[in-house]
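Written below as structure tokens is the structure these notes are about.
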Amino acid sequence: MNRSFSAVAYAAAIAVDLVVFAIIPPSWHGDASAAAAAAQSTPPPSTVSVGGVTLRSVNVDFPNRDRQFEGPGADVVNNNCLTCHSAGMVLAQPRLPRAVWQAEVEKMRNTYKGPINAEDVPAIVDYLANLPH
Amino acid sequence: MTRYAASSLSRRRFLQAASIVGALPPTIPAWADVFVNLDLPGGPDQRSITTDFPQKGRMILQRSRPPLLETPFDVFDRGVFTPNDQFFVRWHWALIPTEVDVSAFKLTVRGHVNQALSLSMADILAMPRVEMAAVNQCSGNSRGLFQPRVPGGQWENGAMGNARWIGVRLRDVLDRAGVKSGAVAARFKGLDEALIESAPTFMKSLDIDHARDGEVMLAYQMNGEQLPLLNGFPLRLIVPGWYSTYWVKMLNDIEILNAPDDNYWMKTAYRIPDTPHANVKPGESGVATVPINRMAPRSFFTNLTNGATVKPGAPLSVRGIAFGGDCGVAQVQLSDDGGSTWRAAALGPDQGKYGFRRWSAEVAAPSSGTLTLQARCTNANGEAQPTEPNWNPGGFMRNVIESVRLVVA
Chain R
4 MNRSFSAVAY AAAIAVDLVV FAIIPPSWHG DASAAAAAAQ STPPPSTVSV
54 GGVTLRSVNV DFPNRDRQFE GPGADVVNNN CLTCHSAGMV LAQPRLPRAV
104 WQAEVEKMRN TYKGPINAED VPAIVDYLAN LPH
Chain C
322 MTRYAASSLS RRRFLQAASI VGALPPTIPA WADVFVNLDL PGGPDQRSIT
372 TDFPQKGRMI LQRSRPPLLE TPFDVFDRGV FTPNDQFFVR WHWALIPTEV
422 DVSAFKLTVR GHVNQALSLS MADILAMPRV EMAAVNQCSG NSRGLFQPRV
472 PGGQWENGAM GNARWIGVRL RDVLDRAGVK SGAVAARFKG LDEALIESAP
522 TFMKSLDIDH ARDGEVMLAY QMNGEQLPLL NGFPLRLIVP GWYSTYWVKM
572 LNDIEILNAP DDNYWMKTAY RIPDTPHANV KPGESGVATV PINRMAPRSF
622 FTNLTNGATV KPGAPLSVRG IAFGGDCGVA QVQLSDDGGS TWRAAALGPD
672 QGKYGFRRWS AEVAAPSSGT LTLQARCTNA NGEAQPTEPN WNPGGFMRNV
722 IESVRLVVA
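If you're matching them up, the sequences are chains R and C in order.
Position in the first sequence counted from 1, then plus 3, gives you this note's numbering.
Position in the second sequence counted from 1, then plus 321, gives you this note's numbering.
Right, dumping it as structure tokens:
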């Protein structure tokens, strides 16, 4: 039940993503002045202070730029893998036997419940087993 | 469906998923203009240097989401305490709160206890304070140096750090709840969540006697400041002498169990072969495993790197850091003859048995050729670093004697 909801959500998100990139220039994504204006209008962070130690509430932004997979066959990997993680750690892997990649993809799908289409698994493994080094 | 669709949790999951996927760029990221080359056998060894993460300075980017950030190794030459803004970062799941309100945050203690607790940060700050220096090291630190290589985070040696942790004893918190007889373990969970709700929630457990040993802490400060969010703000479990996997970040839930914890992160993940140095032969199967636990001694050169040039015949100042693992450092020794003979390095001040210890020595460089130095730590329990690297499929617990190859010219 939950997974089907999630899958719908990701599909919607990806669809939105494609539309956004089609119609809005990339500079829109890093609009610092809007962020600064928003920061000015928010109240100071709450604090807790006891016995000489003060803790201050935190509100941060994570970087919104991720690496993607590139080259022939990358689309199926981007579509299946980037929901849960960016590409950087995968692209840093050494040359590994195909069976190791097969096990990794199955772990992502079966254990970590990543929204990976079963029929895409062979193509994903192909791509990973042939990463350029 | 209704339950999930209507819950604020699901709405948040959806929004975060949408914002994360929506933010994917079509091109090379902006931070990709500064690189570092790690010394990993067979590569790939190029990583970006990033300063884009909140409350963090210059870090080696292993993965942006969920973040894996390695401490550049030169940081370790500057002192035995690792600065908060360069302390390594490792998260399993991508839903990490970007906003934590300390006045609303609560730590729950529940399960096999006389009285469940919901403690505010003010409650915790009002409890007796303790301070301890301790090394926090990823189970897979140095995984990228394994041969044959294994999958996982391809760290060099910078998935570790040492800090002065300030907080409260876990025992004091548990005593406040009153652990019932028959309790066997304490299980810890933080605020982070998997995007996929059916994925295994990240939780780790300690045996109840370990949890109540008076050393395990809940820290709200490191090195005199509140923790960076990515290092576990506002509260983190500190398990001195044990690998980082147990040091649950953004800790908000402690459950006392009256049966062994069989959750995925104890029963299946972070398991090591139940052998000396967690060592097996590549491809070996049928070896019994146990949850990873105590750290082993290590020592590193911090002022010399492989391939550096040194002057012929001149005295050479060598220094580094060491830690004993689950106890203090007894000695650090150097060898310049491939391990045939060893002589003791001088040790810096002892700032706590679980922390880094500075070591230093002077060696004479030969008149020409190359000079290979090795450093070996022996801990207070008499355990010395091994001469041969261990191997296991998880890439865990590397602690072989380190060497540095220098060119005399």
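Glycine is no exception: its CB is placed at the ideal position from the N, C-alpha and C atoms.
It should be emphasised that the depicted structure is a prediction, and the values quoted were computed from it without experimental measurement.
Measure the C-alpha to C-alpha separation of Y130(R) and R101(R) and round it to an integer number of angstroms. Y130(R) and R101(R): Cα-Cα distance of roughly 10 Å.
Tell me which residue opens and which closes the beta strand (DSSP E) that C84(R) is part of. Premise fails: C84(R) lies in the alpha helix (DSSP H), A77 to C84, not in any beta strand (DSSP E).
Stretch pair the stretch 530-550 of chain C + the stretch 401-418 of chain C: three plus CB contacts closer than 8 Å: Output reads yes: the stretch 401-418 of chain C touches the stretch 530-550 of chain C.
So, for D493(C): in the same chain, excluding its five sequence neighbours on each side, which residues have a beta-carbon less than 7 Å away from its beta-carbon? Excluding the 5 residues flanking it on each side, D493(C) has same chain C-beta neighbours closer than 7 Å at M448 and P449, in chain order.
Near-chain R residues of the stretch 365-381 of chain C - C-beta to any C-beta below 9 Å: Under the 9 Å Cβ criterion, the stretch 365-381 of chain C contributes P365, D366, Q367, R368, S369, T371, D373, F374, P375 and Q376.
Helix or strand or just coil, what does DSSP make of N120(R)? Three-state DSSP puts N120(R) in coil, outside helix and strand.
Could you pull out every residue in the same chain whose Cβ sits closer than 6 Å to the Cβ of Q367(C), ignoring the five residues on either side in sequence? Excluding sequence neighbours, Q367(C) sits near F356 and N358.
Chain C within 8 Å of Y115(R), Cβ atoms only: At least one chain C Cβ lies under 8 Å of Y115(R).
Assuming contact is defined by CB atoms lying nearer than 8 Å, are A90(R) and P365(C) in contact in what I supplied? Here A90(R) is not near P365(C), since their CB atoms are 8 Å or more apart.
Looking only at its own chain, which residues have a Cβ that is under 6 Å from the Cβ of P350(C), when we skip the five neighbours before and after it? Confidence in P350(C) is poor, its pLDDT being 49 and thus under 50, which makes the residue's placement unreliable; the coordinate value appears in the next sentence. Correct list: empty, nothing qualifies.
If we ignore side chains and look at the alpha-carbon of each, how far apart do V639(C) and Q475(C) end up? Cα-Cα distance, rounded: 27 Å.
Going by other Cβ atoms of all chains shown within 10 Å of its Cβ, with 16 needed for buried, is V430(C) buried or exposed? Buried, by the Cβ-count rule.
Starting from L440(C) and walking both ways along the beta strand (DSSP E), at which residues does that stretch end? First-last of the beta strand (DSSP E) with L440(C): L438 to S441.
Using the three-state DSSP reduction, which class does K289(C) fall into: helix, strand or coil? Nothing can be reported for residue 289(C), as the shown portion of chain C is limited to 322 through 730.
Any C-beta of chain R under 8 Å from that of L516(C): For L516(C), the answer is yes, since a Cβ of chain R falls inside 8 Å of its Cβ.
Output yes if chain A places a C-beta closer than 8 Å to the C-beta of G54(R); else output no. No chain A is present in this structure, whose protein chains are R and C.
Which term fits T630(C), buried or exposed, when burial requires 16 or more other beta carbons within 10 angstroms of its beta carbon? Label assigned to T630(C): exposed.
Closest Cα partner of R697(C) within the set R726(C), R664(C), W586(C) and P375(C): Measuring from the Cα of R697(C), the nearest candidate turns out to be R664(C).
Residue ranges of each alpha helix (DSSP H) run of no fewer than 4 residues wholly in the stretch 492-548 of chain C, ordered along the chain? List check, alpha helix (DSSP H) in window: 529-532.
F65(R) - DSSP class collapsed to helix/strand/coil: Per DSSP, reduced to three states, the secondary structure at F65(R) is coil, with no helix or strand assignment.
Cβ of C84(R) within 8 Å of any chain C Cβ: Taking Cβ atoms only, chain C never reaches closer than 8 Å to C84(R), which makes this a no.
Can you tell me whether DSSP reads L655(C) as helix, strand or coil? Reduced to three states, the DSSP call for L655(C) is strand.
Measure from the C-beta of D123(R) to each C-beta in chain C and report whether the shortest distance is under 8 Å. Interface residue (Cβ-Cβ distance to chain C less than 8 Å): D123(R) is not classified as such.
Given a cut-off of 8 Å, decide if D574(C) and L416(C) are closer than it, judged by their beta-carbon atoms. For L416(C) and D574(C), no; Cβs fall outside 8 Å.
If you check the beta carbons only, do N584(C) and G503(C) fall under 8 Å apart? Taking C-beta atoms as the reference points, N584(C) and G503(C) fail to come closer than 8 Å.
My output table needs one value for A480(C): the three-state DSSP class, helix, strand or coil. Three-state result, A480(C): coil.
Between which two residues does the beta strand (DSSP E) containing Q383(C) stretch? Residues M380 to R384.
Who are the near neighbours of K602(C) in its chain, counting only those whose CB is closer than 8 Å to its CB and skipping five residues on each side? So the list reads W712, once near-sequence residues are dropped.
Using CA coordinates, which residue listed in T691(C), G646(C), V500(C) and I517(C) is at the minimum distance from N435(C)? For N435(C), the nearest C-alpha among the options comes from V500(C).
Proximal residues of chain R, C-beta to C-beta of G553(C) below 8 Å: Here the premise fails: no neighbours, minimum Cβ distance about 11 Å.
R59(R): contacting residues in chain C (beta-carbon distance under 8 Å): Going along chain C in sequence order, the residues near R59(R) (Cβ under 8 Å) are V423 and Q547.
Here's a check: name, in chain order, each residue in its chain whose Cβ is nearer than 6 Å to the Cβ of G690(C), leaving out the five neighbours to either side. Non-local beta-carbon contacts of G690(C) in its own chain, meaning distances under 6 Å to residues more than five positions away in sequence, involve V729 in chain order.
What are the residues in the stretch 549-580 of chain C lying within 7 Å of chain R by C-beta distance? Of all residues in the stretch 549-580 of chain C, only L550, F554 and P555 place a beta-carbon less than 7 Å from a beta-carbon of chain R.
In angstroms, rounded to a whole number, what distance separates the CA positions of A590(C) and L389(C)? Each residue's alpha carbon lies about 18 Å from the other.
Taking CB distances under 8 Å as the criterion, tell me whether R112(R) reaches chain C. By this cut-off, R112(R) is not an interface position.
Amino acids of chain R, ordered along the chain, whose beta-carbon sits closer than 8 Å to that of Q383(C): Near Q383(C) (Cβ distances below 8 Å), the residues of chain R are G91, M92 and A95.
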